[in-house]
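*Asks:* One structure, pasted below without further comment.
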Amino acid sequence: MYLWDDLKKQIKETDTTVQCPVEGCQTVVKRQRRSFRREEQFLCTDHKIYISPTTWEYKNFWDNLLEQNDNDRQLMQTIVENKAESRLARDKSEDAVTWNVFRHLQKKNLVGKALQTCLGTKNEKDYSLIYWSYSQENKSVWKPLVDVRKIFKENQNHPSEPDLIIEAPSTIVLIEAKFTSGNRTTPSNLAVESNYVDGGDNWFRQVFQDDVDFQSVAVQDRFYELMRMWLLGTWIAKEKGKKFVLVNLVLEDKEPHVEEQFGRNLIQNSNRRFKRCTWEQIYRNVQTDIAGNHLEKFFKGKTLGYPNRRDLKRAFKLDE
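Heads up, my numbering is the position in the sequence shown plus 1021, with the first residue counted as 1.
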């Protein structure tokens, strides 16, 4: 994994070429245009990355992951086999960031502490953590999610897939994690409207405001992904008799108004809430616990690549 100290602070490119971003490397490859491609002409063979003017992708996704002992590797391999899609090799992959942070926190029993200020709940240490719908306990997709997908007649080839599910004794938390991408999505097939509005005996009407409909929240406001997470998550929590929190996990300078913009569509109460949380909050909550280890190094050194096609940019604003 290449972090801030490993990388050139500025990258050189021409109309036809771009240099490897790793400090000291003289390799120059053909410049990519339009969509990113994993082809030999774009590969730095010394550092095993495919290069574009703004970012790179690892030839082997394990080079982008921190936690990889035998148990980690076995779990991740199983997740990849069951996951709807996997982009773990991309340097700006939100899946890779999610794994790097939460797998470490899980192993150190710090997940509750990391999210405590965001959720406003006590630090529950008795919980199950489910990555991308895969239940380690049951060795299959988490059954409540399987069931709710059927209730709302989701396309089984492209079902809703929370990045993380936390099931604690009193609460279910779904986490929709973002790194560089935003929340605004719309349905590719408008025919799914009736599935979500009518499913679960019109559950939509129990958890969205009276003046909100599918078109306004999913199409006009473009909160289709968050809408699905809220709808399915509240149903699961109801069936299990637990409280529910939907967390939108973002960079500190991204989506600053999402709690208000998406939240105004929802019927929230003491049993179900929508919260914006930041990666930087998580870092501050566990800063003393991870001091000196590889997760601290990751937070301090992770970059966004070269977003303006020249200057390297840090990912996290840590005020240090």
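The C-beta atom is built at its ideal place from N, Cα and C for all residues, glycine as well. Since this is a predicted model, take the numbers as computed values, not measurements.
Give me the residue from R1094, Q1127, Y1152 with the minimum Cα distance to D1116.
*Replies:* Y1152
*Asks:* Less than 9 Å separating the beta-carbons of L1247 and F1283?
*Replies:* yes
*Asks:* With C-beta atoms as the reference, is L1343 less than 9 Å away from K1199?
*Replies:* The structure shown does not extend to residue 1343, since the chain is modelled only from 1022 through 1341, so no value can be given for it.
*Asks:* State whether the segment 1185-1203 contacts the segment 1113-1128, with contact taken as three or more CB pairs (one from each stretch) at a distance under 8 Å.
*Replies:* The answer is yes - the segment 1113-1128 touches the segment 1185-1203, with three or more Cβ pairs under 8 Å.
*Asks:* For a test of the three-state rule: what should DSSP assign to Q1157, helix, strand or coil?
*Replies:* DSSP places Q1157 outside both helix and strand once states are collapsed to three, so it counts as coil.
*Asks:* Which value, in whole angstroms, describes the spacing of the CA atoms of R1111 and K1080?
*Replies:* 9 Å
*Asks:* V1132 to K1146, Cα distance in whole Å?
*Replies:* When rounded, the distance between both Cα atoms is 8 Å.
*Asks:* Could you check where the alpha helix (DSSP H) with A1135 kicks off and where it finishes?
*Replies:* 1132-1140
*Asks:* Answer yes or no: do V1039 and K1030 have a C-beta to C-beta separation smaller than 9 Å?
*Replies:* no
*Asks:* R1293: which of T1299, V1268, H1179 sits nearest, CA to CA?
*Replies:* V1268
*Asks:* Mind listing, in chain order, the continuous alpha helix (DSSP H) runs of no fewer than 4 residues lying wholly within the segment 1262-1299?
*Replies:* Whole alpha helix (DSSP H) segments, 4+ residues: 1279-1284.
*Asks:* Identify, in the order they occur along the chain, each residue of the same chain with its Cβ nearer than 6 Å to the Cβ of R1205, setting aside the five sequence neighbours on each side.
*Replies:* If we look at R1205 and ignore the five residues flanking it on each side, its Cβ neighbours are R1243.
*Asks:* Cβ of T1048 within 9 Å of Cβ of D1067?
*Replies:* yes
*Asks:* In or out: L1181 buried (at least 16 other Cβ within 10 Å) or exposed?
*Replies:* The amino acid at residue 1181 is misidentified as Leu; the sequence shows Ser. Per the 10 Å Cβ criterion, buried.
*Asks:* Just curious, the alpha helix (DSSP H) that E1102 is in, first and last residue?
*Replies:* 1091-1103
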